[in-house]
Structure formats: C-alpha cells, structure tokens
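Numbers 1 to 379, taken from UniProt numbering, label the letters of the sequence shown in order.
Even glycine gets a Cβ: it sits at the ideal position worked out from N, Cα and C.
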Amino acid sequence: MPLTGMMRCAYRRAMNERRRQAVVAVVGNPASNNGKGAKATKQVLDMLGARGQAHGFAVRDLTGESLDESVASIRAARGTYDYLVVVGGDGMVSLGVNAVAGSDIPLGIVGVGSGNDFARGLGLPVNRIETAVEGIVGAVVCDSHMDIDMGYASSPGADSRPIEDADGHGRGRFFAGMLSCGIDASINDRANHSQLPGGTLRYFAAVLTELAHMKRYGYHVSATLADGTAEEYDIVAPLLTVANSRHIGGGIEVSPYSSFDDGLLDMVWMNRMPGFAELVRALRHAYDGRLLSARFLSWKRVQSVTITRAGEGDEPPTLMADGEYVGSLPLHAEAHKRVLRVLVPPAVVEWHRRERDTERLERVVSRDGRDVLTGEFAE
C-alpha cells in the first residue's frame with residue numbers, strides 16, 4: 001500500500017529516533033604503516049563525529065594501543081554498538097568480519113591499507129578517506145546495506161592445529177577474500193615483510209620473486225561442487241586458492257569469476273608447471289580480469305573443500321586468509337551464504353545489482369574459453 005505524506009513523515013521521524021539512539025563504533029590499527037594508521041583513524045573519528053551530530057548518531061572509538069587491545073575492546077563492547085567501522089586494510093577487515101559475521105550489525109570499511117582487496121571487490125573507495133566516510137554516513141542515513149557471502153575455514157581433525165577466530169577461540173574463522181594455500185601464501189608472506197613502499201608494488205615484487213623459485217606442493221582435495229556432487233583427487237602444484245572474492249595483492253584478479261552472493265567459493269589452482277612464456281602472458285592479464293584464460297590454471301565452483309597433505313609433492317607453506325596466518329593443513333573451507341552485512345551507499349548497491357547479472361558472468365567465462373558448468377576449457 002502506498003504511503004501517504006503523513007505516513008512518510010511518521011516513518012522518517014521513527015527512523016530519526018532510531019538513528020539518534022544508534023552508536024557507530026570505530027576501530028583502527030594504530031601500529032600500522034609507521035603510525036599512519038593512527039592518523040587515518042583520528043580523521044575518520046573526527047569526520048564521523050561531525051556527521052553524527054548532524055544526523056543523530058553517536059560515535060565510539062574502540063581502538064586500542066595495539067591490534068590485540070583493539071580485538072579485546074571490540075569483544076568487551078559487544079551489544080553496545082549498532083554499526084562497526086574498521087579503518088585499515090584486509091587485516092582489519094578480517095578482524096571486523098569475525099566480530100560481526102552472523103549478526104545484524106553492519107560493517108563499514110574505510111580501506112586505507114596496503115592491499116584493500118575486499119573493499120576494491122565491493123566497489124568501495126580505496127585510499128580515499130573522505131569519500132569512504134561520506135559513503136558510510138550515507139549508508140547509515142539511508143539504511144543501505146548488502147548481505148554477502150563469506151568463506152569459513154576450520155581444522156577438520158581433533159588433532160590438527162586449531163584456527164583462532166576473532167575471540168581467540170579454536171573454532172575457525174570467516175574469510176572475506178581468499179584462503180591462500182600455496183605460492184599465493186608465500187607471496188603474501190614475502191609482501192608482508194617487504195620494505196618496498198606501496199602495497200601493490202610490494203606484492204608484485206613478491207610475485208616475481210616467488211615465481212622464480214616455484215615449488216610443487218602436495219594437496220589431497222575432497223570437494224563438494226556447486227551441483228552437490230563430490231570429487232576427490234590429488235593436486236601437486238605451486239598454487240591452490242579458495243576464493244570468496246576476486247582480488248588479492250592490491251588488485252590482482254586471481255579469481256575473476258567470484259561473486260559475493262552465489263553461496264559458493266571458487267577454487268583456483270595450477271594444473272601443471274607453466275613455461276616462462278605462459279607466465280609472462282598470464283601476468284599481462286593479472287589486473288584485467290582475464291587471468292583464468294591461461295590454460296595452466298584450473299577453476300571450479302565449490303560449496304566446500306577439505307584439503308589435506310598428499311603423499312607426494314613439497315610441504316605446503318603456512319596458509320593465509322585475508323593476509324592473516326591461519327596455520328597448516330589439514331583445513332576445511334566452506335561457503336556461508338549472506339552472513340555478513342556491509343554498509344554500502346545506494347549507488348554501490350545498484351552497481352552490484354548490474355554486476356550480479358548471470359548472463360554477464362556467463363559471457364565472461366565463455367570469453368575465456370571455459371565451460372560455465374564444468375570450468376573446463378572447451379575444445
């Protein structure tokens with residue numbers, strides 16, 4: 001039934017009352033980027049505080065003196081805030097995701113880290129604090145958000161090393177971007193310890209270094225595919241990634257077909273050792289969404305996958321999810337449909353509506369020469 005003018009006014013008054021009671025919590029990482037993280041967090045707090053006075057919401061700073069203190073602060077404040085805003089890169093996103101996933105508390109993201117791949121995949125501003133904050137304020141005022149999928153990583157065996165969640169418990173953890181199990185994890189680790197300026201430069205330099213020293217890691221994979229069928233096989237290869245989103249390493253599209261609302265994860269791996277010329281051609285497509293046109297890369301959509309050590313191949317490196325260390329094999333990863341609510345302005349919601357077009361995705365997959373259902377290359 002259409003709203004009358006009086007009903008609309010009553011609705012707006014009710015919404016304003018709700019906003020006056022709302023609390024926007026903010027958490028940053030003061031130790032990041034040689035103190036620049038603290039400056040970015042202060043700028044976000046100042047801007048949100050000013051906008052909160054105009055729009056009727058309160059702002060609360062949960063940032064501690066260290067990342068551990070910030071985690072403890074978020075944990076202690078549960079139930080006292082209506083929105084959580086994280087300031088930083090994918091590591092801070094990981095912290096926020098594991099704090100609010102499965103709840104109705106929306107997560108706002110001010111992407112000012114070295115990679116910002118999750119923010120980039122969502123179509124949110126990267127390294128533009130004022131634009132990001134204005135988008136968050138607009139999303140709060142308009143009650144504009146998206147419910148999106150997450151991956152969830154856990155240790156399947158009682159004797160295996162547990163993965164700590166945001167509370168420090170050993171149940172498992174959500175990941176927003178990618179679970180890196182091979183050379184991608186080694187690249188991430190090398191980039192984390194690089195002294196080069198800029199996240200993209202650090203990551204690309206790490207890519208070149210690790211590609212020159214590739215190992216053949218051994219994995220045994222048990223996967224439940226998109227259609228519910230099961231597959232089991234060994235993979236002996238340098239690369240194995242389980243992706244929820246498209247980007248890694250400051251914009252490299254390792255999983256260009258990934259979607260935030262299909263209830264699936266995308267598994268990408270090397271099916272053989274590529275030659276030098278193949279690697280060069282693939283690197284040319286690292287940022288344009290056509291990386292999976294390379295025939296030495298395999299791709300499948302999965303509901304879940306369990307990865308253990310294969311009988312042959314090198315020992316895989318320490319696994320990473322969203323740039324955070326999550327331990328060693330064995331590991332189980334599964335898709336959790338629409339468990340994270342993200343604050344996004346209405347224009348971004350509309351952009352995602354267009355991006356979710358099934359026919360568009362099928363055209364992209366077919367463009368790269370793959371079968372949409374099987375993931376195999378059409379002969």
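The segment 225-241 makes no contact with the segment 356-371: fewer than 3 CB pairs, one atom from each, lie closer than 8 Å. Contact between the segment 278-292 and the segment 226-235 is not established, with fewer than three Cβ pairs separated by less than 8 Å. Taking W269 as reference, the option from H285, G263, D234 and D261 with the minimal CA-CA separation is D234. Bridge pairing for V87: G28 and V110 [DSSP].
For M47, the enclosing alpha helix (DSSP H) covers residues K36 to H55. Leaving aside the five residues that flank P345 on each side, the residues in its chain whose CB is nearer than 7 Å to its CB run, in chain order, G135, G138, A139 and S144.
In this chain, the alpha helix (DSSP H) harbouring S70 covers L67 to A76. Beta-bridge annotation (DSSP): D266 is paired with A243 and R301. Taking C-beta atoms as the reference points, A335 and F175 fail to come closer than 8 Å.
Residue environment analysis places K36 among the exposed positions, since fewer than 16 neighbouring C-beta atoms fall within 10 angstroms of its C-beta. A direct Cα-Cα distance of roughly 21 Å separates E278 from R246.
In the displayed model, D227 falls within coil according to three-state DSSP, outside both helix and strand.
A direct Cα-to-Cα measurement between T224 and A50 gives close to 49 Å.
Listed as beta-bridge partners of I248 by DSSP are I252. Residue burial annotation: T374 is exposed, with fewer than 16 other C-beta atoms found within 10 angstroms of its C-beta.
Apart from the 5 residues on each side of it in sequence, V59 sits with its Cβ closer than 7 Å to the Cβ of V24, V26, L45, L48, G49 and G52 in its chain, given in chain order. With respect to the 8 Å criterion, T63 and G28 are classified as neighbours on the basis of their beta carbons.
Here the C-alpha atom of D371 lies approximately 20 Å from the C-alpha atom of G263. At a Cβ-Cβ threshold of 8 Å, R338 and D82 do not count as neighbours. Look at R363 here: in three-state DSSP terms it is helix.
DSSP places S328 outside any alpha helix (DSSP H), giving it a letter other than H or E.
Using a C-beta cut-off of 8 Å, the segment 305-318 makes no contact with the segment 93-100, since fewer than three inter-stretch Cβ pairs fall below that distance. Boundaries of the alpha helix (DSSP H) around F276: F276 to R284. Counted as a single uninterrupted DSSP element, the alpha helix (DSSP H) harbouring A185 occupies residues I183 to N192.
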